[in-house]
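S.K.: This is the structure I want to talk about, given as structure tokens.
There are 2 protein chains.
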Amino acid sequence: MTEIPWRIAIERALTVHHGAPPSRWLQLATVAADGWPSVRTVVFRGFLGDGPILRFTTDLRSAKVAQIDRDSRAEACWMFTETREQFRLAGHLRLIGPDEADPPLVAERSEVWTALPPATRISLLWPEPGAPRADLRRFKVGTPDPHEPPPSFALLLLDPERVDHLDLRAEPHSRVQYQRLGGADEPIEWASLAVNP
Amino acid sequence: MTEIPWRIAIERALTVHHGAPPSRWLQLATVAADGWPSVRTVVFRGFLGDGPILRFTTDLRSAKVAQIDRDSRAEACWMFTETREQFRLAGHLRLIGPDEADPPLVAERSEVWTALPPATRISLLWPEPGAPRADLRRFKVGTPDPHEPPPSFALLLLDPERVDHLDLRAEPHSRVQYQRLGGADEPIEWASLAVNP
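If you're matching them up, the sequences are chains A and B in order.
Everything in the first sequence is counted per numbering that gives the first Met the number 0, starting at 0 for the first residue and increasing by one.
Everything in the second sequence is counted per numbering that gives the first Met the number 0, starting at 0 for the first residue and increasing by one.
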């Protein structure tokens with residue numbers, strides 16, 4: 000596997016932040032059917048294997064799922080407060096829900112579900128996100144099986160094609176843009192270009 | 000002036016964060032000409048007067064400016080780490096550059112320029128953002144006049160129409176959506192709706 004230079008930089012930043020939860024929060028932008036940009040915070044759930052793909056999770060009933068079904072293009076913005084680095088990652092999203100047929104991805108969805116904090120797992124059983132607030136009793140749900148993801152749960156994968164790494168510690172700031180090279184069946188390589196901040 | 004409920008909530012969150020710089024960083028999403036979503040970190044520079052409009056700044060040579068000229072729709076995502084609150088603010092952007100004719104906005108642009116940290120002011124004189132990295136000598140620029148914004152400097156205003164406030168401290172989480180009511184010449188009012196998180 001070819002080394003992924005920007006992944007190394009992200010992992011270094013995560014190490015500096017000692018795994019503090021806010022260092023795993025990033026903002027994921029998509030486009031709605033009416034053309035409006037849409038952006039919300041998501042939690043980084045690790046990379047898929049040794050490659051460039053980032054893992055998140057989502058409730059299949061949330062508004063972003065309809066957006067992704069229609070247009071899978073996304074950009075994530077990951078700002079690290081301690082190291083003052085920003086990563087912008089543009090690529091296509093893929094939803095891995097209960098109908099997934101590919102066995103490794105079915106297994107990946109289950110593993111990520113099992114690794115979620117119990118409070119996050121419970122939220123997947125709450126009433127429909129974005130609908131008018133339901134009665135409090137409807138939020139009293141049982142404890143979901145940690146080994147059996149519910150139908151509302153999806154693994155969300157971001158496969159970056161372009162990455163922009165801005166480092167505000169340097170003076171003047173440093174900024175490098177990475178571009179994925181190679182087709183679907185070729186080994187992935189990354190071209191890099193230093194640009195002005 | 001009618002009270003703006005979500006502005007009060009943002010100001011309360013800022014107070015809890017004691018003005019720590021990262022609490023003033025938010026992510027601004029726009030749409031590029033090719034339809035890709037685009038998102039980057041911007042710094043909150045206060046509200047415009049007593050109203051709902053948020054102030055940011057930008058370099059007029061940056062990629063987002065061409066995007067905004069073509070489609071001014073934007074959504075900002077503001078995540079507060081201490082209070083675990085997320086605000087999503089959707090509305091139109093407006094650039095206030097050197098050709099602005101409206102005297103109060105011309106004055107506003109100058110005031111924001113003067114209030115910027117000196118290091119930020121210097122960055123507006125650096126070589127063109129996003130172009131291949133220029134020679135280091137080209138980053139050695141003089142100290143810009145704190146009272147005379149350069150041609151590259153724009154005040155960037157976001158005028159929210161919809162605001163989504165998610166509060167993760169509550170269990171179950173609370174979430175309220177605000178919608179602006181009234182036309183351009185009417186007093187602004189905000190309808191609110193509690194929804195499921």
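For glycine and all other residues, C-beta sits at the position ideal for the given N, C-alpha and C.
Compare the C-beta of residue 131 of chain A with all C-beta atoms of chain B and state if any pair is closer than 7 Å.
M.R.: yes
S.K.: Should residue 65 of chain B be labelled buried (16 or more other beta-carbon atoms within 10 Å of its own) or exposed?
M.R.: exposed
S.K.: Does the contact criterion of 3 or more C-beta pairs under 8 Å hold for the stretch 56-71 of chain B versus the stretch 21-31 of chain B?
M.R.: yes
S.K.: Which class does residue 74 of chain A belong to by DSSP, given the choice of helix, strand or coil?
M.R.: strand
S.K.: Could you give the first and the last residue of the continuous alpha helix (DSSP H) run that contains residue 117 of chain A?
M.R.: 117-122
S.K.: Check whether the Cβ of residue 35 of chain A lies closer than 7 Å to any Cβ atom in chain B.
M.R.: yes
S.K.: Please name the residue, chosen from A:152, A:83, A:129, A:157, that lies closest to residue 112 of chain A on a Cα-to-Cα basis.
M.R.: A:152
S.K.: At a Cβ threshold of 7 Å, is residue 28 of chain B touching chain A?
M.R.: yes
S.K.: Can you list, in chain order, the residues of its chain whose CB lies under 6 Å from that of residue 57 of chain B, leaving out five sequence neighbours each side?
M.R.: 153, 155
S.K.: So if I threshold CB-CB distances at 7 Å, which residues from the stretch 136-156 of chain A count as touching chain B?
M.R.: 138
S.K.: Would you grab the beta carbon distance between residue 83 of chain A and residue 162 of chain A for me? Rounded to a whole angstrom, and I think it's under 8 Å.
M.R.: Contact doesn't hold; Cβ gap of about 17 Å is too wide.
S.K.: For the beta strand (DSSP E) containing residue 191 of chain B, name the first residue and the last one.
M.R.: 188-193
S.K.: Rounding to the nearest angstrom, what Cα-Cα distance links residue 142 of chain A and residue 148 of chain B in this structure?
M.R.: 58 Å
S.K.: Exposed or buried, what is residue 85 of chain B when buried is set at 16 or more other beta-carbons lying within 10 Å of its beta-carbon?
M.R.: buried
S.K.: Along the chain, where does the alpha helix (DSSP H) that runs through residue 108 of chain B open and close?
M.R.: Note, residue 108 of chain B: alpha helix (DSSP H), 102-114.
S.K.: On the DSSP letters alone, give me the boundaries of the beta strand (DSSP E) that residue 57 of chain B sits inside.
M.R.: Counting along the chain, the beta strand (DSSP E) containing residue 57 of chain B begins and ends at 53-58.
S.K.: So is residue 82 of chain A in contact with chain B if we call contact Cβ pairs under 7 Å?
M.R.: no
S.K.: Can you confirm whether residue 74 of chain A, when its beta carbon is compared against all beta carbons of chain E, has any partner nearer than 7 Å?
M.R.: Absent here is chain E; the protein component of the structure consists of chains A and B.
S.K.: Go through its chain and collect everything with a Cβ distance to residue 15 of chain A's Cβ below 7 Å, but skip five positions before and after it.
M.R.: For residue 15 of chain A, where only same-chain residues beyond five positions count, the Cβ hits under 7 Å are 81, 82.
S.K.: Around the Cβ of residue 182 of chain B, are there at least 16 other Cβ atoms within 10 angstroms (buried) or fewer (exposed)?
M.R.: exposed
S.K.: Using C-beta distances below 6 Å, list every residue in its chain close to residue 176 of chain A, excluding the 5 sequence neighbours before and after it, in chain order.
M.R.: 163, 192, 194
S.K.: Check each candidate in B:77, B:19, B:20, B:4 and name the one with the smallest Cα separation from residue 26 of chain A.
M.R.: The residue with the shortest Cα to Cα distance from residue 26 of chain A is B:77.
S.K.: Is it true that the CB of residue 140 of chain A sits closer than 7 Å to the CB of residue 124 of chain A?
M.R.: yes
S.K.: Are residue 136 of chain B and residue 126 of chain B touching if we call contact CB-CB under 7 Å?
M.R.: no
S.K.: Do residue 74 of chain A and residue 38 of chain B count as a contact pair if the criterion is CB distance below 7 Å?
M.R.: If you check the CB distance, residue 38 of chain B and residue 74 of chain A come in under 7 Å.
S.K.: Would you mind telling me which residues of chain A sit closer than 8 Å to residue 188 of chain B, beta carbon to beta carbon, in chain order?
M.R.: Here the premise fails: no neighbours, minimum Cβ distance about 20 Å.
S.K.: Just to make sure I have the definition right: I need the residues of chain A whose C-beta is within less than 8 Å of the C-beta of residue 40 of chain B. Which are they?
M.R.: 76, 78, 85
S.K.: Kindly list, in the order they appear in chain A, the residues whose Cβ is closer than 9 Å to that of residue 162 of chain B.
M.R.: Correct list: empty, because the minimum Cβ distance to chain A is about 13 Å.
S.K.: Assign residue 92 of chain B to buried or exposed, taking buried as 16 or more other Cβ atoms, counted over all protein chains shown, within 10 Å of its Cβ.
M.R.: buried
S.K.: Apart from the five residues just before and just after residue 172 of chain B, which ones in its own chain have a Cβ nearer than 7 Å to its Cβ?
M.R.: 165, 166, 196
S.K.: Between residue 126 of chain A and chain B, is the shortest Cβ-Cβ distance under 7 Å, so that the two count as touching?
M.R.: Cβ-Cβ to chain B under 7 Å: yes for residue 126 of chain A.
S.K.: Could you check what DSSP says for residue 95 of chain A in three-state terms: helix, strand or coil?
M.R.: strand
S.K.: In three-state DSSP terms, what is residue 138 of chain A?
M.R.: helix
S.K.: Can you give the Cα-Cα distance for residue 188 of chain A and residue 180 of chain A, rounded to whole angstroms?
M.R.: 5 Å
S.K.: Thinking residue 2 of chain A and residue 89 of chain A are a contact (beta carbons under 8 Å), I'd like their distance in whole angstroms, please.
M.R.: Between residue 89 of chain A and residue 2 of chain A the Cβ distance is about 20 Å, and since that is not below 8 Å, they are no contact.
S.K.: Note down, in chain order, each residue of its chain lying with its Cβ closer than 8 Å to the Cβ of residue 61 of chain B, except the 5 sequence neighbours on either side.
M.R.: Cβ within range, chain order: 128, 129.
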